[in-house]
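Asker: So in my numbering, the last spot in the sequence shown is 584, and the numbers never skip.
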Amino acid sequence: MKHSLAGITQYRNKNNTKIDGIIKHRYSDFLVCETFKNEKPLTLTQKETAAADPALENTLGENCRRFLETIDKEQPKTELKACTDPIGEKDTREKIHCYIRNRYGGRVSTKTLQENRIMLSTGKDRKATLSFSLYKENTGTTAAIETLGKALRKNTRSFSFAGTKDKRAVTIQKVSVRETRVDELENIALPHNLRIGNIAPSKKPVQLGEHSGNHFHLFIRNIATLAEMTHEEKTGKIGEIRKNIEAIKQNGFINYFGMQRFGVDSETPTHTVGAHMMRGEWEKACKTILGSSSKTRNFIERKIEKHLEKRKEDYKGALDALPWSTRTLYLHALQSYLWNFSVSKVLEEGADELHAVPGYRHGDFSQTVKDAMLQLGLSPEVFAEACKRLNLPGTQRKTVVVPENLGFAFVEYTDINTHVLEKELAAMRGENREEAPLDYIEYVDEIPQTQAGAFLGLKLSFSLPQSSYATMLLRELLRNETGAQHHAASSAETLKAIDD
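(1) Provide the residue(s) that pair with Val-254 in DSSP beta bridges, ordered along the chain.
(2) Check the C-beta distance from Glu-560 over to Tyr-95 and give it rounded, since I have them as a contact under 8 angstroms.
(3) Once you ignore the five residues that flank Glu-397 on each side, which residues in its own chain have a CB closer than 7 angstroms to its CB?
(4) Taking the alpha carbon of Leu-542 as the reference point, which residue from Ala-90, Val-484, Asp-156 and Glu-324 has its own alpha carbon closest?
(5) Considering only the alpha carbon of each residue, which of Ala-227, Ala-369 and Asp-104 lies closest to Asn-382?
(6) Could you pull the start and end residues of the alpha helix (DSSP H) that Ile-155 belongs to?
(7) How many angstroms separate the CA atom of Pro-170 from the CA atom of Glu-141?
(8) Which residue wins for smallest C-alpha separation from Val-484, given the options Ala-440, Gln-291, Thr-162 and His-301?
(9) Ends of the alpha helix (DSSP H) at Val-357?
(10) Are there 16 or more other CB atoms within 10 angstroms of the CB of Pro-138, so buried, or fewer, so exposed?
(11) Quick check: Val-254 and Phe-216, are their CB atoms within less than 9 angstroms of each other?
(12) Can you tell me whether Asn-306 is buried or exposed? The criterion is at least 16 other CB atoms within 10 Å of its CB, across all chains shown.
(13) Here's the rule: buried if 16 or more other CB atoms are within 10 angstroms of the residue's CB, otherwise exposed. What is Trp-423?
(14) In the DSSP assignment, find the unbroken alpha helix (DSSP H) run with Ile-384 in it and report its ends.
(15) Is it buried or exposed, Ala-586, if we count other Cβ atoms within 10 angstroms and call 16 or more buried?
(16) Any idea if Lys-121 is buried or exposed, counting beta-carbon neighbours within 10 angstroms, 16 or more meaning buried?
(17) Let me make sure I understand the geometry here. Which of Thr-231, Pro-125 and Ala-493 has the alpha-carbon closest to that of Ile-531?
(18) I'd like to know whether the C-beta atoms of Phe-467 and Met-362 end up nearer to each other than 9 angstroms.
(19) Over the uninterrupted beta strand (DSSP E) stretch that includes Ile-332, give me the two end residues.
(20) Below 7 angstroms CB to CB, which residues in the same chain sit around Lys-249 once its five sequence neighbours on both sides are set aside?
(21) When you compare each of Phe-151, Thr-240, Ile-280 and Gly-281 to Glu-263 by their alpha carbons, which one comes out closest?
(22) Within 10 angstroms of the Cβ of Leu-358, are there 16 or more other Cβ atoms? Answer buried if so, exposed if not.
(23) Pick out whichever of Phe-539, Ile-332 and Gln-550 has its Cα sitting closest to the Cα of Arg-313.
(24) Can you list, in chain order, the stretches of the beta strand (DSSP E) that have 3 or more residues and sit fully within the stretch 219-304?
(25) Based on DSSP bridge pairs, tell me the residues matched to His-446.
(26) Once the 5 residues before and after Met-457 are set aside, which same chain residues still bring their CB inside 8 angstroms of it?
(27) At which residues does the beta strand (DSSP E) containing Asn-202 begin and terminate?
(28) Tell me the rounded alpha-carbon separation between Glu-268 and Pro-442.
(29) Pull up the distance between the alpha-carbon of Glu-199 and that of Asp-156, whole angstroms please.
(30) Can you list, in chain order, the residues of its chain whose CB lies under 7 angstroms from that of Thr-319, leaving out five sequence neighbours each side?
(31) What is the DSSP secondary structure of Asn-122, reduced to helix, strand or coil?
(32) Could you check what DSSP says for Gly-478 in three-state terms: helix, strand or coil?
(33) Pull up the CB-CB distance for Gly-297 and Ser-545, whole angstroms please, since I reckon it's below 8 angstroms.
(34) So what's Ala-139 in DSSP terms, helix, strand or just coil?
(35) I need the boundaries of the beta strand (DSSP E) containing Ala-166, first residue and last residue.
(36) Can you tell me where the alpha helix (DSSP H) with Gly-541 in it begins and where it stops?
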């Protein structure tokens, strides 16, 4: 699917030079860490379980010591309680509360009673809302949640997250799950491409859009083949790339909704599914999702087919069987298309700083939005009514975004498949903790020494606010398509040239 089919036609920096390059040749070329306000980017670090403190445990009394010995062996299936002897010092009581919380997490709760006693309890099954960090490789958020659900024997509706993350990438994000014990998550069996950590009790589930944004580490391959270039040509190419990067640092890029918002399969663009849903065309929506090919079905397609096998022609029910977060993806894709299309038009005349994503709160639709609706067979009246019915308020969205902490470094390599972001990936996994944390890995802008037969690549590091797309920054940088099919073809061409 090309950019123009998603309403993406304009550039912020008109004088940027077109640059060759391959995005996501390896999925590990694209690292994404969710960020929250006033916090560092998420990594898969987990505080070590607090070591046993015999001196402090002696102040608890014999009953509590036996209670903790039982918990250390296994999580009881029935409710257990134990009380300490009276503890007069407030400071000691606070230390005990902190010690139990750090050592046992949500498995044991503590409460100060009369006479300065502390009650320890497991609660029956001690199930609660838990938050955790989900690390995934080369799989989508929806598919990862489905795997977690099967492993925990829970419906996918039990899980919530702040935002979906790229499929062909390595990502880490915050997820919550309801009615779950800590030990269930700690002992979960997962495939090699999924990991969880940072498990903690949570007062409420993670909310959609709760995160502040994402931090990225990316590698763009094959910007140039150095064996075919003189030193002067290489220096000139690097100068062009620097100029493009500096323009983005100063002026930002158009805040288009990226291609992953519209699906990677051009046969089933998600915004057309959203248009069918808006019109109440449930059969067309289902058939557009399923498509006509016999390819391997994904989670969404399997869910729809399973429902239709039981209840033929219940197309609305098949869509209702999907998690709400999945259903809304199609509707949000439609809103995103309308925003992209209308912004491209107004940019030709000079856009405002903010531009409305159409919804029931922003129902005074411009003519450009109405034109986009009509192309999809929607009338403004049908769209406005559906937005109220489906709870799609719309919002104000920045037309231009300037990335924060944009750093870059040029890299020479001889093997087209070499893994470049090893240090960044280790930091993301919480490994090599003695080295700099992920957000402090700095890239130095230097011209590397020429190696015969080597390729030139570019490492990038930056942060974006929520709902802003790194692929749209890359589009502005390269002035090229960012769709998966385009770059898969570029990778294949490069490998063929090497073989030849």
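We treat Cβ as the ideally placed atom computed from N, Cα and C, and that holds for glycine.
Answerer: Walking through what the data contain:
(1) On the sequence shown, position 170 is the one that residue 254 refers to. Beta-bridge partners assigned by DSSP to Val-254: Leu-115 and Glu-221.
(2) Along the sequence shown, read from residue 1 onward, the residue named residue 560 stands at position 476. Along the sequence shown, read from residue 1 onward, the residue named residue 95 stands at position 11. Between Tyr-95 and Glu-560 the Cβ distance is about 6 angstroms, and since that is below 8 angstroms, they are a contact.
(3) If you number the sequence shown from 1, residue 397 lands on position 313. Cβ within range, chain order: n/a, list empty.
(4) As a working note, residue 542 is residue 458 in the sequence shown. Comparing C-alpha distances from Leu-542 to each of Ala-90, Val-484, Asp-156 and Glu-324 shows the shortest one belongs to Glu-324.
(5) Counting from one through the sequence shown, the residue named residue 382 turns up at place 298. Cα-wise, what sits closest to Asn-382 is Ala-227.
(6) Taking the first residue of the sequence shown as position 1, residue 155 is located at position 71. Start and end: 146-157.
(7) In the sequence shown, residue 170 corresponds to position 86, counting from 1. In the sequence shown, residue 141 corresponds to position 57, counting from 1. Spanning the two alpha carbons is a distance of roughly 14 angstroms.
(8) One-based indexing of the sequence shown puts residue 484 at position 400. When only C-alpha atoms are compared, the closest one is Ala-440.
(9) Position 273 of the sequence shown, counted from the start, is the residue given in the question as residue 357. Unbroken alpha helix (DSSP H) run through Val-357: 354-362.
(10) Indexing the sequence shown from 1 puts residue 138 at position 54. Residue burial is scored here from C-beta neighbours: Pro-138 has fewer than 16 other C-beta atoms within 10 angstroms and is therefore classed as exposed.
(11) For the purposes of this step, residue 254 is taken as the residue at position 170 of the sequence shown. For the purposes of this step, residue 216 is taken as the residue at position 132 of the sequence shown. In terms of Cβ geometry, Val-254 and Phe-216 do not form a close pair [threshold 9 angstroms].
(12) On the sequence shown, position 222 is the one that residue 306 refers to. Buried, because 16 or more other Cβ atoms sit within 10 Å of the Cβ of Asn-306.
(13) Within the sequence shown, residue 423 is the residue found at index 339, counting from 1. Trp-423 comes out buried.
(14) Position 300 of the sequence shown, counted from the start, is the residue given in the question as residue 384. First-last of the alpha helix (DSSP H) with Ile-384: 383-394.
(15) Absent from the structure is residue 586, since the part of the chain shown begins at 85 and ends at 584.
(16) Here residue 121 refers to the residue found at position 37 of the sequence shown. Classification for Lys-121: exposed.
(17) Counting from one through the sequence shown, the residue named residue 531 turns up at place 447. For the options Thr-231, Pro-125 and Ala-493, the alpha carbon positioned closest to that of Ile-531 is the one of Ala-493.
(18) By one-based count along the sequence shown, residue 467 stands at place 383. By one-based count along the sequence shown, residue 362 stands at place 278. Contact: yes.
(19) Taking the sequence shown and counting its residues from 1, the one referred to as residue 332 is at position 248. It is not in any beta strand (DSSP E) - Ile-332 instead sits in the alpha helix (DSSP H) that spans 315-335.
(20) Here residue 249 refers to the residue found at position 165 when the sequence shown is read from its first residue. If we look at Lys-249 and ignore the five residues flanking it on each side, its Cβ neighbours are Val-116, Thr-225, Thr-255 and Gln-257.
(21) On the sequence shown, residue 263 is found 179 positions in, with the first residue counted as 1. Out of Phe-151, Thr-240, Ile-280 and Gly-281, the CA that lies nearest to the CA of Glu-263 is found in Thr-240.
(22) Reading the sequence shown from its first residue, position 274 is the one you call residue 358. The amino acid at residue 358 is misidentified as Leu; the sequence shows Gly. Looking at its Cβ environment, which holds 16 or more other Cβ atoms inside 10 Å, Gly-358 is buried.
(23) Position 229 of the sequence shown holds residue 313. This sequence places Met at residue 313; Arg is not what is there. Answer by Cα proximity: Phe-539.
(24) If only uninterrupted beta strand (DSSP E) runs of at least 3 residues are considered, those enclosed by the stretch 219-304 are 243-245, 254-264 and 278-285.
(25) Locating residue 446 in the sequence shown gives position 362, where the first residue counts as 1. When beta bridges are read from the DSSP output, His-446 appears opposite Gly-443.
(26) Your numbering for residue 457 matches position 373 in the sequence shown. Closer than 8 angstroms at Cβ, skipping near neighbours: Leu-422, Phe-449, Ser-463, Pro-464 and Phe-467.
(27) For this step, residue 202 is matched to residue 118 along the sequence shown. The question names Asn, but residue 202 in the sequence shown is Ile. Counted as a single uninterrupted DSSP element, the beta strand (DSSP E) harbouring Ile-202 occupies residues 202-205.
(28) Residue numbering aside, residue 268 sits at position 184 when the sequence shown is read from its first letter. Residue numbering aside, residue 442 sits at position 358 when the sequence shown is read from its first letter. Cα atoms of Glu-268 and Pro-442: separation of roughly 42 angstroms, rounded to the nearest angstrom.
(29) Within the sequence shown, numbered from 1, the residue matching residue 199 stands at position 115. Within the sequence shown, numbered from 1, the residue matching residue 156 stands at position 72. Each residue's alpha carbon lies about 28 angstroms from the other.
(30) Within the sequence shown, the letter at position 235 stands for residue 319. Around Thr-319, the same chain offers Ile-531 as residues with beta carbons nearer than 7 angstroms, after the five sequence neighbours per side are excluded.
(31) As a first step, residue 122 is located in the sequence shown; it is residue number 38 there, counting from the start. Look at Asn-122 here: in three-state DSSP terms it is coil, with no helix or strand label.
(32) In the sequence shown, residue 478 corresponds to position 394, counting from 1. Coil.
(33) Position 213 of the sequence shown holds residue 297. Position 461 of the sequence shown holds residue 545. Between Ser-545 and Gly-297 the Cβ distance is about 14 angstroms, and since that is not below 8 angstroms, they are no contact.
(34) Taking the first residue of the sequence shown as 1, we reach residue 139 at position 55. Helix at Ala-139.
(35) On the sequence shown, residue 166 is found 82 positions in, with the first residue counted as 1. Counting along the chain, the beta strand (DSSP E) containing Ala-166 begins and ends at 165-167.
(36) Within the sequence shown, residue 541 is the residue found at index 457, counting from 1. Here Gly-541 belongs to no alpha helix (DSSP H); instead the beta strand (DSSP E) covers 539-549.
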